Amino acid sequence: MADIQSLIREGNELAKKKEWAAALERYRAAAALEPSDAELHFLIGCCHFKLNHGPGARAAWTRALEIDPGYEKARTWIHRVTGMHFEPVAA
2 MADIQSLIRE GNELAKKKEW AAALERYRAA AALEPSDAEL HFLIGCCHFK LNHGPGARAA
62 WTRALEIDPG YEKARTWIHR VTGMHFEPVA A
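Here our numbering is used: the first residue of the sequence shown is 2, the next is one more, and so on.
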């Protein structure tokens, strides 16, 4: 079984080669090991976006913001792509 850092490295290398579906697999596997990592959910969203999966991108970026409401990259991209402003739900 691969460790999280190896999966992220592999995903990053695949993304550099624009192999979005394979990168998405690696990032999803890493997120399964570390579900509270906002950056991983952001990267998952980026892969979905590059694969023209708008709902998947929005869902992943929304999850990143649920984990870390101050995560500006996810906030910027969700707004850029959907025009939506993300406001976290009060607990």
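Cβ atoms here follow ideal geometry from the backbone N, Cα and C, with glycine treated the same way. Here the structure is a predicted model, which is why all the values come from computation and not from measurement.
Check                                                                                                               : Outcome
Under DSSP, the alpha helix (DSSP H) around Lys-51 begins and ends at which residues?                               : 39-51
Please state whether DSSP places Lys-19 in a helix, a strand or coil.                                               : coil
Starting from Ala-75 and walking both ways along the alpha helix (DSSP H), at which residues does that stretch end? : 73-83
What do you reckon, are the CB atoms on Ile-68 and Ser-37 nearer than 7 Å?                                          : yes
Compare the C-alpha of Ile-79 against each of Glu-40, Arg-59, Tyr-28, Ala-23 and name the closest.                  : Arg-59
Please confirm whether Ala-65 and His-42 have their CB atoms less than 7 Å apart.                                   : yes
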